[in-house]
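In my numbering, the protein residues as written are 217 to 381. Glycine residues also receive a C-beta, built at the ideal position from the N, C-alpha and C atoms.
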């Protein structure tokens, strides 16, 4: 089946919320996603589809010469198949398209799988945010990537990206 990325729309929120709820202890609300899509001019959110089904999504804020990846989630049935990496590369490409090289994110200290993915993509650990995750009071690892070079995704089409999956 074809795997493609597209900009998230309001029509995608129900499927995104379903993934959010099975992925996080404190999921974002519908209103949080609506606000990101309709009120935040600095945000870019994408969804990844296998056929017509949304299997992953992520967001990035592009501001002041930096990109901040706000959230990334892959449906549990699709984890470990490369969708998360493709999603990360797509968000990094969004930064590169507006000449932003520096990318940051936070990840749970316990999420070694995600940390290893980010390391593979050229991120490095730059510190911690104590108690960052309010559901468990878990620390976040702050990670940075100093250059978007070498992590480009397949170039976006008019409104859609197709990855070789």
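Buried or exposed: where does residue 287 fall if 16 or more other Cβ atoms within 10 Å of its Cβ makes it buried? buried
Could you tell me which residues DSSP pairs with residue 354 in its beta bridges? 349
DSSP state of residue 285 mapped onto helix, strand, coil: Looking at residue 285 - three-state DSSP - the assignment turns out to be strand.
Taking residue 341 as the reference, which of 320, 224, 274, 315 has the closest Cα? The candidate whose alpha carbon is nearest that of residue 341 is 320.
Buried versus exposed, by CB contacts within 10 Å (16 or more), residue 236: Of the residues assessed, residue 236 falls on the buried side of the cut-off, its CB having 16 or more other CB atoms within 10 angstroms.
Under 8 Å, do residue 338 and residue 303 count as touching if we go by C-beta distance? Their beta carbons are not under 8 Å apart, which means residue 338 does not touch residue 303 by this criterion.
Is it buried or exposed for residue 306, if we count other Cβ within 10 angstroms and need 16 for buried? buried
Can you tell me whether residue 296 is helix, strand or coil according to DSSP? coil
Residue 349 and residue 324: beta carbons closer than 8 Å? yes
What's the C-alpha gap between residue 329 and residue 222? 25 Å
Identify every residue that forms a DSSP beta bridge with residue 329. For residue 329, which the question treats as bridged, DSSP gives no partner whatsoever.
In the DSSP output, what is residue 344 paired with across the bridge? DSSP lists 357 as the bridge partner or partners of residue 344.
Counting along the chain, where does the alpha helix (DSSP H) carrying residue 279 start and finish? From DSSP, residue 279 is part of no alpha helix (DSSP H) but of the beta strand (DSSP E) over 269 to 279.
Any idea if residue 268 is buried or exposed, counting beta-carbon neighbours within 10 angstroms, 16 or more meaning buried? Exposed: under 16 other Cβ atoms inside 10 Å.
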